[in-house]
Amino acid sequence: MTGEAWSVTPTGLRVAVRLTPKGGRDAFDGIDALADGTIAVKARVRAAPENGEANAAILALLAEIAGIPRSRAVLVSGHTARLKTIDLAGDGAALAAKFTQALAAL
């Protein structure tokens, strides 16, 4: 996923996230360009990366920002890595607009 941190899919929105666990708060920190050219949303969560707690926290944060139930946020890849791919089910264009707005407020 290069070029943008998220892309509209037929079922919603796919988001690339660079996660910092045990970050002191649950929040977005902007957009990050990684060394390989991948663009990702920088996020941090209070939860530790143990027993899937940090993964659950990032899914909850993304669902909250998107205004969708937590059950509609699915971790696609990166279960044990900092770089994660997450799918959000819903109207992709509307979800992208919410993410654009949330990141513009930073």
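According to our numbering, the sequence shown holds residues 9 to 114 in order. From the three backbone atoms N, C-alpha and C, an ideal C-beta is built for every residue, glycine too.
Where residue i falls, given that 16 or more other Cβ within 10 Å makes a residue buried
i, result
"Asn63", "buried"
"Gly75", "exposed"
is_contact[residue i, chain D] using C-beta, thresh 8 Å
i, result
"Ala74", "The structure shown contains no chain D; it holds only a single protein chain."
Rounded distance between the beta-carbons of residue j and residue i, thought under 8 Å
i, j, result
"Ala71", "Arg78", "5 Å"
"Leu96", "Ala112", "18 Å between Cβ atoms; not a contact."
Residue j beta carbon less than 8 Å from that of residue i
i, j, result
"Asp40", "Arg26", "yes"
Identified DSSP bridge partners for residue i
i, result
"Phe36", "Ala51"
"Ala41", "Ile47"
"Arg26", "Lys50, Leu91"
"Thr17", "Gly20"
"Leu96", "Leu21, Ala81"
(Q) Check whether the stretch 97 to 105 and the stretch 50 to 67 are in contact - that is, three or more C-beta pairs closer than 8 Å. (A) no
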